């Protein structure tokens, strides 16, 4: 195998594939958020507590709002996975607007732009340069 072909394969595996996966995941998150925003229903919710964010069994430093709202006579509770509002900005007992899937009320988010689209934007901003750099490197090898 020629050196140029090996370089193309390496650049493709190191940059293009991870960039494609990360950007694709960001697009999926954006599509889910757009579906929830356009087809979902809204309700008033209340921040009932804050809990520490946890990843891989470790407790993080950020506090995530636990929001409670009512729909069809039932009370539903979810944890804001974007962890945007701080307890100083919105203390326990504060009202927030909630958007949720009527068929699955457990699929809910705080109805703000950052809570809906922040994670997808952040993910895509990380993945797109990897993908573009990989494409440029693969095309550049002569």
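Residue numbers (the working numbering): 5 to 146.
Note that the Cβ used here is the ideal one computed from N, Cα and C, for glycine as well.
In this text, all values refer to a predicted model and were calculated from it rather than measured experimentally.
Between the C-alpha atoms of residue 38 and residue 125 there is a straight-line separation of about 12 angstroms. Looking at 77, 58, 18, the one whose alpha-carbon comes closest to that of residue 68 is 58.
In chain order, 105 place their CB closer than 6 angstroms to the CB of residue 111, counting only its own chain and leaving out the 5 sequence neighbours on each side.
Checking the DSSP bridge columns, you'll see residue 56 partnered with 67.
Around the Cβ of residue 100, a 10 Å sphere holds 16 or more other Cβ atoms; the residue is buried.
Relative to residue 122, the option among 35, 145, 42 whose CA is nearest is 35. Just measuring C-alpha positions, the residue of 9, 66, 142, 108 sitting nearest residue 76 is 108. Note that the C-beta distance between residue 50 and residue 63 is not below 8 angstroms.
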